[in-house]
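Just so you know, we're using this note's numbering here: the sequence shown kicks off at 2 and counts up by one. Below is one structure; the comments refer to it alone.
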Amino acid sequence: PIDRYYIENFLQLNAADIHGRVLEIGDNSYTMHFGGAHVVKSDVLHVDPDDPNATIIGDLSQPGVLPSNAFDCIILTQTLHLILDMSAAVAALAEALKPGGVLLLTVPGITPVDRGEWGSTWFWSLTQAALAKLLAKSFSTANMALETHGNVFAAVCFLQGLAKEEVSDQKLDVRDTAYPIVVTARVVKDGLTADQPANRTANVTA
Numbered sequence: 002p003i004d005r006y007y008i009e010n011f012l013q014l015n016a017a018d019i020h021g022r023v024l025e026i027g028d029n030s031y032t033m034h035f036g037g038a039h040v041v042k043s044d045v046l047h048v049d050p051d052d053p054n055a056t057i058i059g060d061l062s063q064p065g066v067l068p069s070n071a072f073d074c075i076i077l078t079q080t081l082h083l084i085l086d087m088s089a090a091v092a093a094l095a096e097a098l099k100p101g102g103v104l105l106l107t108v109p110g111i112t113p114v115d116r117g118e119w120g121s122t123w124f125w126s127l128t129q130a131a132l133a134k135l136l137a138k139s140f141s142t143a144n145m146a147l148e149t150h151g152n153v154f155a156a157v158c159f160l161q162g163l164a165k166e167e168v169s170d171q172k173l174d175v176r177d178t179a180y181p182i183v184v185t186a187r188v189v190k191d192g193l194t195a196d197q198p199a200n201r202t203a204n205v206t207a
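Below, the structure is given as structure tokens:
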């Protein structure tokens, strides 16, 4: 899908943040693809206790599900909008990050609502302004970098269900903040840890 083009470009751009102990939701495919050998421990959060990939079971919006000050990086792509109490979920993410840890977050803007598994919990779509206000409840605004991705052409293609391969990168890369398909946020928790990585160039395969 076209939204994944923006999500994966965002993760590739910030791949250097994916190191140490990393938490991802649902599975760890992005953790391993973009973090690779820099990942020391990979955790997966899932609400289904029978999921074979899960190392942590529970609802992100419920207290006590995640350990405190535990993760160097949390990857949360296209998930926050499925949680009714987004403020509680963001607070839990902030608590779970180590000082200096990084949250790599994406949320949908203009999007079709899922007709299948996720339709009954598809609660939200967010603008950049809404996401900024939400994150500011738990993080310092000085440590937040938000961007919108998409344009009217890309939005129409996405809503019509076109595959990424049917649309040129050049047309997708045009940004018009009035038509956000995906909103991304790189958020750093206040403080530094001794195991933060030195600046490095990410070696990521397509």
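Glycine included, every Cβ here is placed at the ideal spot set by N, Cα and C. This one's a predicted model, so the numbers in the text were calculated from it and none came from an experiment.
Less than 8 Å between the beta carbons of residue i and residue j, yes or no?
| i | j | result |
| --- | --- | --- |
| Ile3 | Leu173 | yes |
| Ala89 | Ser69 | no |
| Asp18 | Leu105 | yes |
| Gly36 | His20 | yes |
| Asp177 | Val157 | no |
| Ala95 | Ser139 | yes |
| Asp73 | Gly27 | no |
| Val108 | Met145 | no |
| Ala131 | Ala97 | no |
Could you say which of the options lies nearest to residue i if we only look at CA atoms?
| i | options | result |
| --- | --- | --- |
| Pro53 | Glu167, Asp44 and Ala90 | Asp44 |
| Gly151 | Lys138, Ala143 and Ser169 | Ser169 |
| Lys99 | Gln13, Phe159, Glu167 and Leu24 | Leu24 |
| Ala143 | Lys190, Pro64 and Ala97 | Lys190 |
| Asp86 | Asp60, Gln79, Ile75 and Leu147 | Asp60 |
With H, G and I counted as helix, E and B as strand and the rest as coil, what does DSSP make of residue i?
| i | result |
| --- | --- |
| Ser43 | strand |
| Val66 | coil |
| Leu81 | helix |
| Gln167 | Going by the sequence as given, residue 167 is Glu instead of Gln. Correct three-state label for Glu167: helix. |
| Phe140 | coil |
| Val48 | coil |
| Phe72 | strand |
| Ile3 | helix |
| Val103 | strand |
| Val213 | The structure shown does not extend to residue 213, since the chain is modelled only from 2 to 207, so the question has no answer here. |
| Glu96 | helix |
| Ala17 | helix |
| Glu9 | helix |
| Leu127 | coil |
| Leu135 | helix |
When you compare only the Cα positions, how much space is there between residue i and residue j?
| i | j | result |
| --- | --- | --- |
| Leu163 | Gly192 | 43 Å |
| Gln129 | Ile182 | 11 Å |
| Asn29 | Ala179 | 32 Å |
| Ile8 | Thr185 | 8 Å |
| Leu230 | Phe11 | With the chain represented from 2 up to 207, any question about residue 230 goes unanswered, as that position is not in the structure. |
| Ile58 | Ala93 | 14 Å |
| Ala38 | Thr32 | 10 Å |
| Tyr6 | Ile84 | 23 Å |
| Ile111 | Leu81 | 15 Å |
| Thr122 | Ala55 | 20 Å |
| Ile50 | Glu167 | The question names Ile, but residue 50 in the sequence shown is Pro. Between Pro50 and Glu167, the C-alpha separation is close to 38 Å. |
| Asp115 | Val175 | 26 Å |
| Gly65 | Gln171 | 44 Å |
| Ala133 | Trp119 | 24 Å |
| Arg22 | Gln161 | 38 Å |
| Gln79 | Phe124 | 12 Å |
| His34 | Leu14 | 13 Å |
Flag residue i as yes when its Cβ comes closer than 7 Å to any non-hydrogen atom of the ligand SAH, and as no otherwise.
| i | result |
| --- | --- |
| Leu163 | Ligands in the displayed structure: none, and consequently the ligand SAH is not present. |
Just to confirm the assignment: which complete alpha helix (DSSP H) runs, minimum length 4, are found wholly within the stretch 142 to 191? DSSP runs (the alpha helix (DSSP H)) wholly in the stretch 142 to 191: 153 to 160 and 170 to 173.
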